[in-house]
């Protein structure tokens, strides 16, 4: 199976994206992943995805992750189809239930307690519209007749899902084309893959074995206090050092452990300032690219 390593951005300001995309293409980096962070100095992931694809010829671009509940699934399917037509095999959509910041949930309104149900219906709508000329759908949250999105790509873009709780893993098995995990130890990731494959089998589906990925924050010198505190808040049961390798030797060793757990696709999120991106990418070319197969 092919091991591929891409790069993800958190709150990268729009003015820094041009230089970053140019360097990624120049260094033949596999992929760029843009996060959905409304209140940060960061580009919108869908707009940034389109812009980056238009500026490059080889670079794949993904959303890591974009919030689906609260979006119009018909319009989202049209966006994905258009992007996949304009940049075949370079569009990597990953979707999730909600934004990382609780304060931003109001921007993605869904009925109270129904976020998971809305997600399931929305994803069903998107997948059908990307493969059927016209769709009629009548659910609890979306209802329409005979809607199509016109032209769609010869190969539908794979839609990967995030999440790690049991319900999320079950959802990946039933609806997803792949899993983009985050804040999971290698052992937890291996167990998650087993759960997903079992759910897929129950649903009469199969997840391709190279469709298991990981968003991996990486640091250099030392783990910043703010990053460690944020991780403790999200995962108080795990030492932050287990989730964020510091330095390239530790990054390589960590990637190896996740490969043994069944992960083949990685998105490295460097804990750096915008001014440090060039240095990071030079080191990425030296240390990360040789880990690919």
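In my numbering, the protein residues as written are 93 to 385.
Ideal placement from N, C-alpha and C gives every residue a C-beta, glycine not left out.
Only a predicted model underlies this, so the values are computations on that prediction, with no experimental measurement involved.
- For residue 288, no beta strand (DSSP E) encloses it; the enclosing alpha helix (DSSP H) starts and ends at 278 to 294.
- Within the same chain, Cβ atoms closer than 8 Å to the Cβ of residue 384 are found at 94, 95, 96, 97, 122, the five residues on either side in sequence being excluded.
- Distance from the CA atom of residue 373 to the CA atom of residue 311, rounded to whole angstroms, is 13 Å.
- As for any alpha helix (DSSP H) of minimum length 4 sitting wholly inside the segment 182 to 222, the runs are 207 to 221, ordered along the chain.
- Under the three-state reduction of DSSP output, residue 267 falls in the helix class.
- For residue 346, the enclosing alpha helix (DSSP H) starts and ends at 340 to 353.
- Residue range 165 to 178 is occupied by the alpha helix (DSSP H) that includes residue 166.
- Under the DSSP assignment, residue 230 falls in the beta strand (DSSP E) whose first and last residues are 227 to 230.
- For residue 158, the beta-bridge partners assigned by DSSP are 187.
- Straight-line measurement puts the Cα of residue 209 at about 16 Å from the Cα of residue 197.
- Around the beta-carbon of residue 268, 16 or more other beta-carbon atoms lie within 10 Å, marking it buried.
- Distance between residue 195 and residue 202, taken at the CA atoms: about 14 Å.
- Between residue 99 and residue 119, the C-beta spacing is not below 7 Å.
- Exclusion of the five residues before and after residue 132 leaves 103 as the residues of its chain whose Cβ lies within less than 6 Å of its Cβ.
- Taking each of 323, 326, 165, 150 in turn and checking the Cα distance to residue 234, the smallest one comes out for 165.
- With contacts defined by Cβ atoms closer than 7 Å, residue 126 and residue 148 do not form a contacting pair.
- Contact between residue 336 and residue 309 holds: CB atoms are separated by about 5 Å, below the 8 Å threshold.
- Judged by DSSP in its simplified three-state form, residue 104 adopts coil rather than helix or strand.
- Nearest Cα to residue 169 within the set 347, 241, 259, 212: 241.
- Taking a C-beta distance under 7 Å as the contact criterion, residue 248 and residue 272 do not qualify as a contact pair.
- Contact annotation: residue 353 and residue 292 have beta-carbon atoms that are not nearer than 7 Å.
- Rounded to the nearest whole angstrom, the CA to CA distance from residue 348 to residue 355 is 9 Å.
- Per DSSP, residue 237 is one residue of the beta strand (DSSP E) stretching across 235 to 239.
- The alpha-carbon separation between residue 344 and residue 379 amounts to approximately 8 Å.
- A straight-line Cα-Cα distance of about 13 Å links residue 376 and residue 358.
- At the C-beta level, residue 218 and residue 188 stay beyond 7 Å of one another.
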